[in-house]
Amino acid sequence: MIKVAHLLDDNRVGGVVQHLKLFRHERLLEVAESTVVPVDTSKPGVRIGADIMVLHLTMSWRKLPFLLGLRLSNPRAFIILEEHSYTEGFERHCVRTARRFRLMLRLAYRLVDRVVAVSEAQGGWMARLGLVPPRKLSVIPMARETDSFESLPSPWARGPIRLGLLGRFAPQKGIDHAIRAVRGLSGIELVIGGYGPMEDELRTLAEGAPNITFAGKVEDPRSFIGSIDALLMTSRYEAFGLTGLEARAAGRPLIAYEVDGLADQLAAGGGIAVPAGDEAAMRETLERLTADDIERLIPAARCGAHECYDKQVEAWRELLGTCR
1 MIKVAHLLDD NRVGGVVQHL KLFRHERLLE VAESTVVPVD TSKPGVRIGA
51 DIMVLHLTMS WRKLPFLLGL RLSNPRAFII LEEHSYTEGF ERHCVRTARR
101 FRLMLRLAYR LVDRVVAVSE AQGGWMARLG LVPPRKLSVI PMARETDSFE
151 SLPSPWARGP IRLGLLGRFA PQKGIDHAIR AVRGLSGIEL VIGGYGPMED
201 ELRTLAEGAP NITFAGKVED PRSFIGSIDA LLMTSRYEAF GLTGLEARAA
251 GRPLIAYEVD GLADQLAAGG GIAVPAGDEA AMRETLERLT ADDIERLIPA
301 ARCGAHECYD KQVEAWRELL GTCR
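Under full-length UniProt numbering, residues 1 to 324 are what the sequence shown spells out, in order.
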């Protein structure tokens, strides 16, 4: 039995922690025994007793010594880095010196045996820039078990169209764009679920807009998605965006900026694509949105999300099976 160690240096990243449950799937347990290993990246030279190591780390210049030490201390291990963080959109909005940033990524990716991109868009960006050789790049789109979402009844928008936005209140999610796009529109309501450092700023921005409400911290995403007609995602960058997959599985169309992994989801059908970062275009799209539009998109939304999880499981099974 192959022994796989999943290295994690921050267990506060909820999406990654949730993703690790994938490796308890019976199909993966047939080929590999997975364990989660917390690591301190300030201490290089860690020995890990595993055949395969899957790194769930956000790489940086400071972490390169850890990665080099890991490589040298575990010469027989096959090392996979799953890239949860960096995308074309991230580079556009968060990187001051692209040349230095890309050099860091090339060095990091050179020290591992395989890089896994979590969306086609992310993988395409890596390939175009030559960040990783094609032979070392795998694309395994992110997914999640969605049976509970698929069981939700389809939306029935016969009053104001109720849009939902669910995410951390941080610049990445572009919630300020959503508020400005919806503010003052008749026939459209926006309910925003989540919390984070921008909460006061966003609540101030939404003051005086009766069609915008805040739901607070959402403990049950299924109930939240079940209460809306469509999901709005105005992210500035997004490696994949699992909430979009959950909404689509529930028959809730995705209205989103065509950026990074969201572009993949929109291409799968059942959504409305808006040029990345174009706030005016988003507002125009929502002004024209009708209940008939939503009803028309429901079948494609469900179909596009169906079987994504099974495909992810099989892709990881194949990858782990070839790393012996």
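Note that beta-carbon positions come from the ideal geometry of N, C-alpha and C, so glycine has one too.
Remember, it's a predicted structure, so these values are computed and weren't measured experimentally.
Contact set for residue i: own chain, Cβ-Cβ below 6 Å, skip 5 residues either direction
i: Leu-190; result: Leu-163, Val-182 and Ile-212
i: Asp-113; result: Phe-78 and Ile-79
i: Asn-74; result: Ile-48
i: Ala-301; result: Arg-248, Gly-251, Pro-253 and Gly-270
Contacts around residue i, its chain only, beta-carbon distance under 8 Å, and the 5 residues preceding and following it disregarded
i: Leu-68; result: Pro-44 and Leu-111
i: Gly-184; result: Ala-209 and Asn-211
i: Trp-316; result: Leu-22, Phe-23, Leu-28 and Ile-140
i: Tyr-195; result: Arg-168, Phe-169, Gly-216 and Lys-217
i: Pro-134; result: Ala-127
i: Leu-8; result: Val-16, Val-17, Leu-20, Val-36, Val-37, Pro-38, Val-39, His-56 and Leu-57
Between the CA atoms of residue j and residue i - distance to the nearest angstrom
i: Leu-166; j: Arg-128; result: 31 Å
i: Ala-98; j: Glu-91; result: 7 Å
i: Leu-319; j: Ala-247; result: 28 Å
i: Arg-76; j: Ala-5; result: 14 Å
i: Arg-283; j: Leu-20; result: 37 Å
i: Arg-1; j: Ala-32; result: The identity of residue 1 in the sequence shown is Met, whereas the question assumes Arg. Using only the alpha carbons, I get a separation of about 6 Å.
i: His-177; j: Thr-234; result: 7 Å
i: Ser-42; j: Gly-187; result: 53 Å
i: Leu-57; j: Gln-18; result: 15 Å
i: Glu-295; j: Pro-155; result: 8 Å
i: Tyr-237; j: Val-95; result: 12 Å
i: Leu-64; j: Asn-11; result: 20 Å
Element boundaries [beta strand (DSSP E), containing residue i]
i: residue 360; result: Residue 360 lies beyond the residue range present for the chain, which begins at 1 and ends at 324; the question has no answer from this structure.
i: Phe-214; result: 212-216
i: Ser-73; result: Here Ser-73 belongs to no beta strand (DSSP E); instead the alpha helix (DSSP H) covers 64-73.
Residue i (DSSP reduced to helix, strand or coil)
i: Arg-114; result: strand
i: Phe-101; result: helix
i: Phe-169; result: coil
i: Ser-85; result: coil
i: Met-1; result: coil
i: Ala-127; result: helix
i: Arg-183; result: coil
i: Val-132; result: coil
i: Ser-235; result: coil
i: Val-17; result: helix
i: Ile-175; result: helix
i: Arg-296; result: helix
Cβ-Cβ separation, residue j to residue i (assumed contact under 8 Å), whole Å
i: Leu-297; j: Pro-253; result: 4 Å
i: Ile-192; j: Phe-214; result: 5 Å
i: Ser-119; j: Ala-239; result: 6 Å
i: Gly-89; j: Val-259; result: 5 Å
i: Gly-269; j: Leu-152; result: Not a contact, Cβ separation roughly 18 Å.
i: Met-59; j: Ala-121; result: At roughly 19 Å, the Cβ-Cβ gap does not stay under 8 Å, so Met-59 and Ala-121 are not in contact.
i: Ser-148; j: Arg-222; result: 5 Å
i: Ala-230; j: Ala-305; result: Contact doesn't hold; Cβ gap of about 14 Å is too wide.
Cβ-heavy atom distance, residue i to the ligand MN, below 7 Å
i: Gly-271; result: Among the components modelled here there is no ligand, and therefore nothing to report on the ligand MN.
Contact set for residue i: own chain, Cβ-Cβ below 7 Å, skip 5 residues either direction
i: Leu-137; result: Val-115, Ala-117, Gly-123, Met-126 and Ala-127
Enclosing alpha helix (DSSP H) for residue i [first to last residue]
i: Tyr-309; result: 308-321
i: Thr-204; result: 199-206
i: Glu-284; result: 279-288
i: Gly-226; result: 221-226
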